[in-house]
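Residue numbers (our numbering), protein chains in the order written: chain E, 1 to 262; chain B, 1 to 52; chain F, 1 to 214; chain U, 1 to 219.
Cβ coordinates follow ideal geometry from the N, Cα and C atoms, glycine included.
Right, one structure below, let's go through it.
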Amino acid sequence: MIENTKNNIGIWARLGAWLTHMANPTRFMRFADRTIPYLAGLSLSLFAIGLYLGFTAPQDYQQGATVQIMFVHVPSAWLAMMCFSVMAVSGIGTLVWRHPLADVSLRAAAPIGLAFTFLALVTGSLWGKPMWGAWWVWDARLTSVFILFLIYIGIIALSRAIEEPTTAARSLSVITLVGWIIIPIIKFSVKWWNTLHQPASVSKLGAPSMDAVFLYPLLTMALAFTVLFFCLHFMNMRNEILRRRLRVLKIKSGQLGKGSAV
Amino acid sequence: MFGDHAAYIVPSYLISLLVMLGLIGWIRITYSSHKKALKALEAKGIKRASSK
Amino acid sequence: MKLVAETISVNRGIKRVVQDLSFEVEQSEALIVTGENGAGKSTLLRAIAGLLPLDSGSVDLQGGKEELLLREQCHYLGHQNGLKTALSVKENLEFWQNFSGEPDFAIQETLEIVGLAHTLDLPVGYLSTGMKRRIAIAKLLITRKQVWIVDEPTAGLDGASSKMFIDICSAFCDDGGILIAATHLPLDLKKTKSLHVEMLDTYADDAFDSGLDT
Amino acid sequence: MIALFKRELLIALRGGGGALTGVIFFLCVITIVPFGIGPDLKLLSQIGPAVLWIGALLATLLGLDRLFQQDKEDGSLDILVCQEHALTWLIFVKCIAHWIVSTLPLVIATPLFGLMLNVSPMGILASMVTLFVGTPAITFIGAVGASVTVTLPRGGVLIAILVLPLVIPVLIFGVLSIDGAINEPQPFTAPFLILCAFTLFTSVLGPLAASVMLRHSAD
Numbered sequence: 001m002i003e004n005t006k007n008n009i010g011i012w013a014r015l016g017a018w019l020t021h022m023a024n025p026t027r028f029m030r031f032a033d034r035t036i037p038y039l040a041g042l043s044l045s046l047f048a049i050g051l052y053l054g055f056t057a058p059q060d061y062q063q064g065a066t067v068q069i070m071f072v073h074v075p076s077a078w079l080a081m082m083c084f085s086v087m088a089v090s091g092i093g094t095l096v097w098r099h100p101l102a103d104v105s106l107r108a109a110a111p112i113g114l115a116f117t118f119l120a121l122v123t124g125s126l127w128g129k130p131m132w133g134a135w136w137v138w139d140a141r142l143t144s145v146f147i148l149f150l151i152y153i154g155i156i157a158l159s160r161a162i163e164e165p166t167t168a169a170r171s172l173s174v175i176t177l178v179g180w181i182i183i184p185i186i187k188f189s190v191k192w193w194n195t196l197h198q199p200a201s202v203s204k205l206g207a208p209s210m211d212a213v214f215l216y217p218l219l220t221m222a223l224a225f226t227v228l229f230f231c232l233h234f235m236n237m238r239n240e241i242l243r244r245r246l247r248v249l250k251i252k253s254g255q256l257g258k259g260s261a262v
Numbered sequence: 001m002f003g004d005h006a007a008y009i010v011p012s013y014l015i016s017l018l019v020m021l022g023l024i025g026w027i028r029i030t031y032s033s034h035k036k037a038l039k040a041l042e043a044k045g046i047k048r049a050s051s052k
Numbered sequence: 001m002k003l004v005a006e007t008i009s010v011n012r013g014i015k016r017v018v019q020d021l022s023f024e025v026e027q028s029e030a031l032i033v034t035g036e037n038g039a040g041k042s043t044l045l046r047a048i049a050g051l052l053p054l055d056s057g058s059v060d061l062q063g064g065k066e067e068l069l070l071r072e073q074c075h076y077l078g079h080q081n082g083l084k085t086a087l088s089v090k091e092n093l094e095f096w097q098n099f100s101g102e103p104d105f106a107i108q109e110t111l112e113i114v115g116l117a118h119t120l121d122l123p124v125g126y127l128s129t130g131m132k133r134r135i136a137i138a139k140l141l142i143t144r145k146q147v148w149i150v151d152e153p154t155a156g157l158d159g160a161s162s163k164m165f166i167d168i169c170s171a172f173c174d175d176g177g178i179l180i181a182a183t184h185l186p187l188d189l190k191k192t193k194s195l196h197v198e199m200l201d202t203y204a205d206d207a208f209d210s211g212l213d214t
Numbered sequence: 001m002i003a004l005f006k007r008e009l010l011i012a013l014r015g016g017g018g019a020l021t022g023v024i025f026f027l028c029v030i031t032i033v034p035f036g037i038g039p040d041l042k043l044l045s046q047i048g049p050a051v052l053w054i055g056a057l058l059a060t061l062l063g064l065d066r067l068f069q070q071d072k073e074d075g076s077l078d079i080l081v082c083q084e085h086a087l088t089w090l091i092f093v094k095c096i097a098h099w100i101v102s103t104l105p106l107v108i109a110t111p112l113f114g115l116m117l118n119v120s121p122m123g124i125l126a127s128m129v130t131l132f133v134g135t136p137a138i139t140f141i142g143a144v145g146a147s148v149t150v151t152l153p154r155g156g157v158l159i160a161i162l163v164l165p166l167v168i169p170v171l172i173f174g175v176l177s178i179d180g181a182i183n184e185p186q187p188f189t190a191p192f193l194i195l196c197a198f199t200l201f202t203s204v205l206g207p208l209a210a211s212v213m214l215r216h217s218a219d
C-alpha cells in the first residue's frame, strides 16, 4: 500500500518534471519534430486496421449497413469532447502554473476541435436521416453538441480578437473553463432528457452492450482518431510557436506597429 | 457493398476524409509559410535573441 | 514604514518596460518618476499599484497594515479620473469615501482645499477638464491611505492649481505619507528621490524568442 | 458594497433609458413574431411563452457589454479592483444591480406582452416566475463575457458569440418548466429546480471567473 502511493507520487513528480522541462518552446519543438512522424505512422496503421475491421463487419440487424457510419461518427464526437477537455486543462495550466506552452496548446487545439465537432455533426446527420427520417432533430445530444460547436467558434473568434498575448491567454483560459460545463451536459444529456439518441453503449467497459464485431473496429478507430488528434495538435502547436516567434521578430524589426496582428 | 444506405455511408466517409485532409493541409501550409517568413526575416539580418 | 521594491521586472505586452529595478521609499518621502514618453512610467506605476502583474520581483509596504495588501493601502490616480459624469460631485465623492478604506477629510472640506466648494451638487459632467482633475485630487483626501501613486496628476491643471496640488502633496508627506509620482513638475518637497525610467530594447516574449542557448 | 449598489442604480437611473431600452427591445421582438408567423391566435398562445423567453434573453444580452466597459473607460475600474473588498463579491453586486435595472422591468412587463401573445393566465404566471428565477443566470454568465471583452473596443458582438451558447441551457429549462406548468402531464418542479440550481451555480461561478479576468485586465 505504502509502496503503491510512493510509486504514484513518483509518476506525478516525473510528469511534473517533464512538463517543466517542456516549458521551453525550443525544447518542445525538438520533441515535437521527433514524435510527429511516429504519431502519424501509428495513426495511419490504426486507421488501416480499423477500416478493415469496420468494412468487414456484418450488418446490424436493426440499423443495417448504416452502422458503418458509427465508426467515424462516434470517434469524431469523442474527439470533439476530448479536445475541449485538453483545452480546459491547458487553461488551468495558463491560470495556475503560467506554463508558457499551455496557451499555445489551447490555441492550437481549438481549430482541430472545431473540425471534429463539425464532423461529428455532419456524420450524425447522415446517420440520422435513414434512422430517424430527418437530417436534423433537436434532441438533447445533438443540440448540446451544436452548442459545443458554437463555443469553439466563440473561442476562435476571441483568440483572433485579442492581440496582447498575456491578456488573450487569460481570456481564453477563463472562457474555456467556463465553457467546459457543456461537456458533462453533453455526456448526460441523453440520460436527462431521454430522447431519440441512443445511450452510450461503450461506456460500461466491463460489460459492453455492443457486440464484439462492432466494438473492436470502433475502439480501433477511436484510438486512431485520438492518435491523429495528438499528431495534429503537436503540429499545430509548432505552428503557433512559430507564429509567436514571427510576431516578436516583426515587432522588433519595426514592421509591425501596435494594432496589427500576425 | 453497403446496400441501400450507400448514399449515406459513402458521403460520411468522404466528408471525414476531406475534413481531415483539409486540416492536415492547412496545418502543413501554415507551417511552411511561417518557416519561410522566419527565413526571410533572418536573411534580412533580424535574428532571434538566442542566435546572437 | 517604507515601500520596498526588489528587482522588479514588468512587461507591457511583449515589450519589457522595467528590468530588475530596485528602490526604496521611506516615510515622508516622495519618489519622482521621470522618463521620456513611452518609456514606461505609467506601466511601472500601475505595476506598483497592483494593476499589472509583476513578471518577477516584489513590491512591499514594510511596516504597513499586516492584514492588507499594498494595493489596498494606496490611492492610485491614473490618467482617468474615476468619476461618473452622471452623478454629482457629492455623490461621486460620497461613494468613494464609503467604498475605499477609512474616511479622512469631510467632503465639504476637501472641496474647499481644491477650491471647488461651490460645485458640490453639480453633476460632474458639467465641469471642465481641469475641474474634474481637481475633484479627482480631492478624492485622494477623502479616505486615508498610506501611499499615493499618481500618474501625471497635474495634466490639465493651470499654474495655480498645480501649486495647490504641490501643497497638498507636501502636507501629505509631512503627515508621514509615501508619494510616488510620475510628473515633470518640480515637486518642491522636503525629501524627494528621483527615478529615471529608460526605454529598454528588450522583449519579454523571450520564451518564444530566445529558446535554448545553443 | 451597499454604496456600490446604490451608485450603480443611481447611474442607471440618471443615464435614463437604460431600463427602458431593454423593455422597448423586448416589445420589438414580441411585435415582430406575429408578423412573421401570422396572426393565428391558437398558434401564438402555444409558442407565446417561448417567444417571451427568447425576447427576454436577447434583451438581457443587449446591455451586457456595458457592465464593465464604462468603469474601464472612466478609470473607476482601476480603483475598484484594488480595494480591500473581494473582487468576486464586488462583481456579484454589480451583476445584481445591473439585473435589477435592465431585466427586472422586463419581468414586470411580461404579463402585458403575454396578453398580447394570447398566453393563458397560468402561462403568464409561469413565464414571470421562470424569468424572475432564470434571467439572473444570464447576467452572471454575461459578466464573464463582459470581463473577457472589456479590453476590446467593440466587444459587443463577441460577447453575444461567447455567451449565447452558454445561456442556451437556461432557455431550455425555462421553457420546459413553463411547458410543465401549462400542460398537465409534463413535470414542472424538475426543470424549475434545475433552473434555480443553474442560477445559483452561475451566481458563484460567473463572478469568480470574471474576477480572475478583471484582476489584471488593465493595460
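Practice item. To the nearest angstrom, report how far apart Val104(E) and Pro58(E) are at their CA atoms. Key: Pairing Val104(E) with Pro58(E), the inter-Cα distance amounts to about 43 Å.
Check your understanding: According to the Cβ coordinates, are Ile178(F) and Leu61(F) closer than 9 Å?
Key -> Against a cut-off of 9 Å, the Cβ pair of Leu61(F) and Ile178(F) comes out as a contact.
Practice item. Return helix, strand or coil for Ser147(U), following the three-state DSSP convention. Key: The answer is helix: DSSP assigns Ser147(U) an H, G or I state.
Practice item. Kindly indicate which three-state DSSP category Ala39(F) falls into: helix, strand or coil? Key: Look at Ala39(F) here: in three-state DSSP terms it is coil, with no helix or strand label.
Point to revise | Paired residues, beta bridge with Glu24(F) - DSSP | key: Per DSSP, Val4(F).
Practice item. Starting from Ala181(F), trace the beta strand (DSSP E) both ways and give me its first and last residue. Key: Boundaries of the beta strand (DSSP E) harbouring Ala181(F): 178-182, taken from the DSSP string.
Point to revise | Stretch-stretch touch, CB-based, cutoff 8 Å, three pairs: the region 70-81 of chain E with the region 117-126 of chain E | key: Judged by Cβ distances under 8 Å, the region 70-81 of chain E makes contact with the region 117-126 of chain E, as three or more pairs qualify.
Point to revise | Classification of Leu45(F) by the beta-carbon crowding that lies within 10 angstroms, buried from 16 upward | key: Classification of Leu45(F): buried, given that the 10 Å Cβ count is 16 or more.
Exercise for review: Closer than 9 Å, Cβ to Cβ, to anything on chain U: give me those residues from the region 224-237 of chain E, in chain order.
Suggested key: Correct list: empty, as no residue qualifies.
Practice item. Could you name the residues of the region 139-151 of chain F whose beta carbon sits closer than 9 Å to any beta carbon of chain U, in the order they occur along the chain? Key: Correct list: Lys139.
**Study point:** Chain-ordered chain F contacts of Arg66(U) [CB-CB under 9 Å]
**Key:** Neighbours of Arg66(U) on chain F: none; closest Cβ ~13 Å, over 9 Å.
Review point. Counting pairs of Cβ atoms below 8 Å between the region 148-164 of chain E and the region 129-137 of chain U, do you hit three or more?
Key: No, the region 148-164 of chain E does not touch the region 129-137 of chain U.
**Study point:** C-alpha distance - Lys139(F) paired with Ala47(F), whole-angstrom precision
**Key:** The straight-line gap from Cα to Cα measures roughly 21 Å.
Exercise for review: Give the straight-line distance between the Cα atoms of Ile178(U) and Gly22(U), rounded to the nearest whole angstrom.
Suggested key: Taking the straight line from one Cα to the other gives about 22 Å.
Check your understanding: If you draw a straight line from the C-alpha of Trp96(F) to the C-alpha of Leu158(U), how long is it?
Key -> Straight-line Cα distance between these residues: approximately 32 Å.
Check your understanding: Under 9 Å, do Leu10(U) and Ile30(U) count as touching if we go by C-beta distance?
Key -> Against a cut-off of 9 Å, the Cβ pair of Ile30(U) and Leu10(U) comes out as no contact.
Exercise for review: Just the C-alpha distance for Ser102(U) and Ile138(U), rounded to the nearest angstrom, thanks.
Suggested key: If you draw a straight line from the Cα of Ser102(U) to the Cα of Ile138(U), it is about 12 Å long.
Review point. Across which residues does DSSP place Pro123(F) in a beta bridge pair?
Key: Per DSSP, Ser88(F).
Check your understanding: Can you give the Cα-Cα distance for Trp18(E) and Thr35(E), rounded to whole angstroms?
Key -> Take the alpha-carbon of Trp18(E) and the one of Thr35(E): they are about 15 Å apart.
Review point. When Cβ atoms are compared, which residues of the region 75-100 of chain F fall closer than 9 Å to chain U?
Key: Along the region 75-100 of chain F, going in chain order, the ones with a CB nearer than 9 Å to a CB of chain U are His75, Tyr76, Leu77, Gly78, His79, Gln80, Asn81, Gly82, Leu83, Lys84, Thr85, Ala86, Leu87, Glu91, Asn92, Glu94, Phe95, Trp96, Gln97, Asn98, Phe99, Ser100.
Exercise for review: Taking 9 Å as the cut-off, decide whether the C-beta atoms of Ile32(U) and Ile47(U) are in contact.
Suggested key: It is not a contact, given that the beta carbons lie outside the stated cut-off.
Point to revise | Secondary structure of Lys65(F), DSSP reduced to three states | key: Coil, per DSSP.
Review point. Unbroken beta strand (DSSP E) runs of length 3 or more, entirely within the region 135-188 of chain F: which are they?
Key: Listed in chain order, they are 147-151, 178-182.
Check your understanding: Quick one: Cα of Asp151(F) to Cα of Thr43(F), how far?
Key -> Rounded to the nearest angstrom, the two C-alpha atoms are 10 Å apart.
Point to revise | Rounded C-alpha distance that separates Ala207(E) from Ala59(U) | key: For Ala207(E), the predicted structure reports a pLDDT of 46, less than 50, and the residue's modelled location is therefore unreliable. A value from the coordinates is still provided. Put simply, the backbone Cα of Ala207(E) is about 49 Å away from that of Ala59(U).
Practice item. Confirm, please, whether the CB-CB distance from Ala155(F) to Gly125(F) is below 9 Å. Key: Annotated as distal: Gly125(F) and Ala155(F), with beta-carbon spacing of 9 Å or more.
Check your understanding: How big is the Cα-Cα spacing for Glu67(F) and Thr199(U)?
Key -> Each residue's Cα considered, the two are about 33 Å apart.
Review point. Tell me the DSSP bridge mates of His196(F)?
Key: Its beta-bridge partners are Thr34(F).
Exercise for review: Just the chain E side, please: which residues come within less than 7 Å of Ile14(F) by C-beta, in chain order?
Suggested key: For Ile14(F), the chain E residues whose C-beta falls within less than 7 Å of its own C-beta are Pro165, Val248, Ile251, listed in chain order.
Point to revise | Amino acids of chain U, ordered along the chain, whose beta-carbon sits closer than 9 Å to that of Gly179(E) | key: Going along chain U in sequence order, the residues near Gly179(E) (Cβ under 9 Å) are Leu162, Pro165, Leu166.
Point to revise | Start and end residues, alpha helix (DSSP H) containing Leu215(E) | key: 212-252 is the span of the alpha helix (DSSP H), which, as asked, contains Leu215(E).
Review point. By Cβ distance, which residues of its chain are closer than 6 Å to Ala37(B), with the 5 residues on each side in sequence left out?
Key: Excluding residues within five positions, none has a Cβ falling inside 6 Å.
Point to revise | Gln186(U), DSSP secondary structure in three states | key: Note: Gln186(U) maps to coil in three-state DSSP.
Review point. What residues of chain E sit near Ala37(B), judged by a beta carbon separation below 7 Å?
Key: Those within 7 Å of Ala37(B) in chain E are Leu246.
Review point. Between which two residues does the alpha helix (DSSP H) containing Cys82(U) stretch?
Key: Counting along the chain, Cys82(U) falls outside any alpha helix (DSSP H), and DSSP gives it neither H nor E.
Review point. From Phe71(E), Phe47(E), Ala140(E), pick the residue whose C-alpha is nearest to that of Leu215(E); which is it?
Key: Of Phe71(E), Phe47(E), Ala140(E), the residue nearest in Cα terms is Phe71(E).
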